[in-house]
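*Asks:* 505 is the number of the first residue of the sequence shown in the working numbering; add one for each residue after it. Let me begin by handing over the structure; questions about it come next.
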Amino acid sequence: RGVFFDIISLLNGTENVTHPGHSANFSAHCTILEKRPPTNRTKCGGFDYVVLGQGGVYPADSVHHTGSRRLRLTFRLKTFTSDTAFDAPSLHVLSANSQPPSILLMSFGLWDMQYPQGSPEEGLRSFQQHLSAFLDTLQQTFPVKRPRIFWLTLTAVASSKLPVWKRPLLSPQMAKRYNDLSEQLLRPRGIELIDTFTSSQQHPEESKDGVHFPGKVSMGFAHQLLRALCL
């Protein structure tokens, strides 16, 4: 979600200020409040914004755009790769839309690493299995013409910034293993990778909690995506 809100900041010319959407508790103009694992606390699971030409980017529920074809930016939260009940219904909403997406930016795996099903090694195997199943569902959802798809890799966990209780499970070494596994599944399917690992590994001091890098590092991810879109 950080890159989602960084793109909005870039389009609005406010990239020098970190968007409050980086916070997991941000819920202004939320499109769906829901309880999701592992804590099942209520949080925002979706946002929808509209680009109004040179006029900026605004929450879709705050502007009148009926009947107009506008560039839309939509965010939907998927927590665990193993949350398969989420996949088909959410992807169907995209494909059945009168204006289906032209670009998809996806990323998950951090929560799989933090809350593995069993040991860390079992968590890796579960991630591989369920990511493969998700990609099959994605292909079935868009069998003929699919959007251009990008994947954000996991960042390099800044171990020294992690709370003590997270350190046994989260590390840059494990993040790299998740990235290597996902790359093996993504590249053969023509999904383009946005490398967030390298730059975050170079600037661990920019993370406040060990996993998120709001500010110049995250904004760099957004610039990487925009450059890739222009190729």
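Yeah, the Cβ is synthetic: ideal placement off N, Cα and C, and Gly gets one too. Computed from a predicted model, the values in this text were never measured in an experiment.
1. N683 to F725, Cα distance in whole Å?
2. Which residues share a DSSP beta bridge with I536?
3. What residue range is occupied by the uninterrupted beta strand (DSSP E) comprising Y562?
4. According to DSSP, M617 sits in a beta bridge with which residue or residues?
5. Going by alpha carbons, who is nearest to C548 out of H568, G517, L581 and P542?
6. For the 8 Å Cβ check, are there 3 or more pairs between the segment 581-597 and the segment 647-661?
7. Taking all protein chains shown into account, do 16 or more other C-beta atoms lie within 10 angstroms of the C-beta of H526, making it buried, or fewer, making it exposed?
8. With distances taken between CB atoms, is the gap from S611 to L656 smaller than 8 Å?
9. Below 8 Å CB to CB, which residues in the same chain sit around E696 once its five sequence neighbours on both sides are set aside?
10. Short of 6 Å in beta carbon distance, which residues of its chain neighbour T700, apart from the five on each side in sequence? Order them along the chain.
11. Over what stretch of residues does the alpha helix (DSSP H) that includes T585 continue unbroken?
12. Look at T585 and F631 and say whether their C-beta atoms are less than 8 Å apart.
13. By a C-beta neighbour count over all protein chains shown, 10 Å radius and 16 as the cutoff for buried, is S566 buried or exposed?
14. List in chain order: all unbroken alpha helix (DSSP H) runs of 4+ residues lying wholly within the segment 614-695.
15. For the alpha helix (DSSP H) holding L514, just list the boundary residues, first then last.
16. With a threshold of 16 other CB atoms inside 10 Å of the CB of P718, please say whether the residue is buried or exposed.
17. Considering only C-alpha positions, which residue in the set E710, R574 and T583 is nearest to P604?
18. Give me, in chain order, the residues of the same chain whose beta-carbon lies closer than 8 Å to that of L689; leave out the 5 immediate sequence neighbours on both sides.
19. Per DSSP, what kind of secondary structure is F590 in: helix, strand or coil?
20. Looking only at its chain, what residues have a beta carbon closer than 8 Å to the beta carbon of L515, apart from the 5 residues adjacent to it on each side?
21. Rounded to whole angstroms, what's the CA-CA distance from S711 to F509? Just pull it up for me.
*Replies:* Per the coordinate set shown:
1. The count along the sequence shown starts at 1 and reaches residue 683 at position 179. The count along the sequence shown starts at 1 and reaches residue 725 at position 221. Those two C-alpha atoms are separated by around 16 Å.
2. Within the sequence shown, the letter at position 32 stands for residue 536. Per DSSP, G550.
3. Taking the first residue of the sequence shown as position 1, residue 562 is located at position 58. Boundaries of the beta strand (DSSP E) harbouring Y562: V561 to P563, taken from the DSSP string.
4. To locate residue 617, count along the sequence shown from 1; it is residue 113. Note: M617 sits in no beta bridge, so no partner.
5. Mapped onto the sequence shown, residue 548 falls at position 44. Residue L581 is the option with its Cα nearest to C548.
6. No contact exists between the segment 581-597 and the segment 647-661.
7. Counting from 1 along the sequence shown, the entry for residue 526 is found at position 22. Classification of H526: buried, given that the 10 Å Cβ count is 16 or more.
8. Counting from 1 along the sequence shown, the entry for residue 611 is found at position 107. Counting from 1 along the sequence shown, the entry for residue 656 is found at position 152. With contacts defined by Cβ atoms closer than 8 Å, S611 and L656 form a contacting pair.
9. Indexing the sequence shown from 1 puts residue 696 at position 192. R652, I653, F654, W655 and A732.
10. Counted from its first residue, the sequence shown places residue 700 at position 196. Closer than 6 Å at the Cβ level, and outside the excluded window around T700, lie L656, T657, T659 and F725.
11. The residue given as residue 585 occupies position 81 in the sequence shown. Looking at the DSSP string, T585 is not in any alpha helix (DSSP H), and its letter there is neither H nor E.
12. Locating residue 585 in the sequence shown gives position 81, where the first residue counts as 1. Locating residue 631 in the sequence shown gives position 127, where the first residue counts as 1. In this structure, T585 sits near F631, with a CB-CB distance shorter than 8 Å.
13. Residue mapping note: residue 566 aligns to position 62 of the sequence shown, counting from 1. S566 should be labelled exposed.
14. Fully enclosed alpha helix (DSSP H) runs of 4 or longer: 614-618, 624-645 and 676-690.
15. Working through the sequence shown from its first residue, we reach residue 514 at position 10. Where L514 is concerned, the enclosing alpha helix (DSSP H) stretches over G506 to N516.
16. The count along the sequence shown starts at 1 and reaches residue 718 at position 214. Per the 10 Å Cβ criterion, buried.
17. Counted from its first residue, the sequence shown places residue 604 at position 100. Ranking E710, R574 and T583 by Cα distance to P604 puts R574 first.
18. For the purposes of this step, residue 689 is taken as residue 185 along the sequence shown, with counting starting at 1. Excluding sequence neighbours, L689 sits near Q632, L635, S636 and L639.
19. By one-based count along the sequence shown, residue 590 stands at place 86. It is helical.
20. Counting from one through the sequence shown, the residue named residue 515 turns up at place 11. Result list for L515: V555, G560 and V561, in chain order.
21. As a first step, residue 711 must be located in the sequence shown, where it is residue number 207. As a first step, residue 509 must be located in the sequence shown, where it is residue number 5. Between S711 and F509, the alpha-carbon positions lie close to 17 Å from each other.
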